[in-house]
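Worksheet: the structure to be examined is printed underneath.
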Amino acid sequence: MSKAKTNPGWFFEDYSIGQVIEHGVPRTVSGGERAMYHALYPARHALYSSDAFAQNCGLAKSPMDDLIAFHIVFGKTVPDISLNAVANLGYGEGRFLAPVHEGDTLTSRSEVIGLKQNSNGKTGVVWVRTTGQNQRGDEVLSYVRWVMVRKRDLDAPSPETVIPELGASVAAWDLILPEGLDFSSYDFAQAGEPHRLSDYEVGEKIDHVDGVTVEEAEHMLATRLWQNTAKVHFDATVREDGKRLIYGGHVISMARALSFNGLANAQMIVGLNAGAHANPCFSGDTIKAWSEVLEIADTPVPSVGAIRLRLVAQKADAAPFTLKTEDGKHDPKVFLDLDYWALMPR
């Protein structure tokens, strides 16, 4: 009798606290990733678009968009963490630790830091801290995410509940700036907008105006590109409604790209404080976005400041600045609520 060689994915009862999972498969980043990313999303931030602009900002060349690194590192975790997921629930304590360039090879590993079986006995929540490394062993990205995963055996005993204590946000002084980054000669005309850090105020809200309708083909291309094999994104028979969920990272990148209109100079993402995929997104939905300034901070480089932003993606027919209902839950027309740090010229 032949032994099964295929991987059905991990189920809730397969995880244990302290477990370390080395994810396959190493991936060498090429210029194709950048071209495809800019084809999938209307990404226009200058630092990621031009070697000359990046060199004027003290870098050797233009790095990959930070979210390209996120997608690649995240995608590798899917077969081991969320292949049998019901939903990806949230993010926290994320830091972008080093730029990723063409030719870098990325790998991922995760440590299980929390477990909680749900009251229905059919699913549970798994918390993992994932780290992405390049070929030199340098960490390029670290973040926590939690995901709801199905149980294989409903009679399997529930593990001891461990809910990790996560910081509400990454402290500004813990943000890592790329070596050499300097905005003292920043070219605002080439960047596309004149607004510097001092032009923004805490509490200010920015409507990013533009919208993009999500198509099935581009979503499927994105999940394949980032090797995200979660069943809910690929297999229409997994869900009772017969719909494939749009990959949450696709919504993140779309909203970030839309935020260019009003935040063109929020160049590099350096922190991921919190995030929630509030409601599912499906093909045919139109995404619009808005941002709120949560915090402004100094960095060790006088010409570079840090801006903490809440980025919200919502349906096109939602009222401006829609977020939560009176009961404190996310409005049904909100797709994404993301809290992140970016670097901006002072």
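Note that the working numbering has the sequence shown beginning at 1227, numbered continuously upward. By construction, the Cβ of each residue, glycine as well, lies at the ideal position given by its N, Cα and C atoms.
Anyone know if the C-beta pair for D1291 and A1269 falls short of 8 Å?
yes
Are the beta-carbon atoms belonging to V1519 and E1430 less than 8 Å from one another?
yes
When you compare only the Cα positions, how much space is there between G1350 and W1372?
10 Å
Can you list, in chain order, the residues of its chain whose CB lies under 6 Å from that of A1504, leaving out five sequence neighbours each side?
H1556, V1560, D1563
Can you have a look at Q1359 and say buried or exposed, based on whether 16 or more other CB atoms are within 10 angstroms of its CB?
buried
So, using beta-carbon positions, are E1337 and V1354 closer together than 8 Å?
yes
Opening and closing residue of the beta strand (DSSP E) in which Y1566 lies
Taken as a continuous stretch (DSSP letters only), the beta strand (DSSP E) holding Y1566 covers 1560–1571.
In DSSP terms, what Q1359 is bridged to
Beta-bridge pairing links Q1359 to T1333, E1365.
Leaving out five residues on either side along the sequence, give the residues of the same chain with a beta carbon under 7 Å from the beta carbon of S1411.
N1282
Counting C-beta neighbours from all protein chains within 10 Å, is the total for N1491 16 or more, i.e. buried, or is it exposed?
buried
Given a cut-off of 8 Å on the beta-carbon distance, is the pair I1495 and F1322 in contact?
yes
For a minimum of 3 consecutive residues, which ranges assigned as the beta strand (DSSP E) are wholly contained in the stretch 1233–1280?
1246–1254
Terminal residues of the beta strand (DSSP E) in which N1499 lies
Run containing N1499: 1495–1503, per the beta strand (DSSP E) assignment.
Quick check: what's the CA-CA separation for G1340 versus A1278?
44 Å
C-alpha gap between G1468 and T1551, whole angstroms
28 Å
For R1253, I'd like the list of residues in its chain whose CB is within less than 7 Å of its CB, leaving aside the five on either flank, ordered along the chain.
I1298, T1331, L1332
For my contact list, D1565 and G1475 are in at a C-beta cut-off of 8 Å; report their separation, rounded to the angstrom.
Wrong, their Cβ atoms sit about 16 Å apart, outside the cutoff.
If you drop the 5 nearest sequence neighbours on each side, which residues of the same chain put their C-beta closer than 6 Å to that of G1531?
Excluding sequence neighbours, G1531 sits near L1423, M1570, R1572.
Could you say which of F1300, A1311, S1509, G1363 lies nearest to K1348 if we only look at CA atoms?
A1311
For A1532, the residue or residues it bridges with in DSSP
A1523, L1569
What would DSSP say about T1512, mapped onto helix, strand or coil?
strand
Tell me, please, whether the stretch 1398–1413 touches the stretch 1363–1380 by the rule of three or more beta-carbon pairs shorter than 8 Å.
no
With DSSP collapsed to three states, give me the class of N1491.
coil
Could you check what DSSP says for N1314 in three-state terms: helix, strand or coil?
strand
Three-way DSSP call (helix, strand, coil) for D1292 in this model:
helix
Using 8 Å as the threshold, is the C-beta distance between P1528 and L1403 below it?
Going by C-beta atoms, P1528 is not nearer than 8 Å to L1403.
L1549 versus K1231: straight-line alpha-carbon distance, rounded
46 Å
Looking only at C-alpha atoms, which of S1334, S1479, A1448, E1466 sits nearest to G1363?
The option with the nearest alpha carbon to G1363 is S1334.
Spatial neighbours of T1303 within its chain, please: CB distance less than 6 Å, with the 5 preceding and 5 following residues excluded, ordered by chain position.
The answer, listed in chain order, is H1249, S1334, S1336, T1356.
Identify whether K1541 lies in helix, strand or coil by the three-state DSSP scheme.
strand
Let me check one thing: in DSSP terms, what residues is L1341 bridge-paired to?
V1352, V1388
Can you round the beta-carbon distance between M1480 and V1438 to whole angstroms, since I take them to be within the 8 Å contact cut?
6 Å
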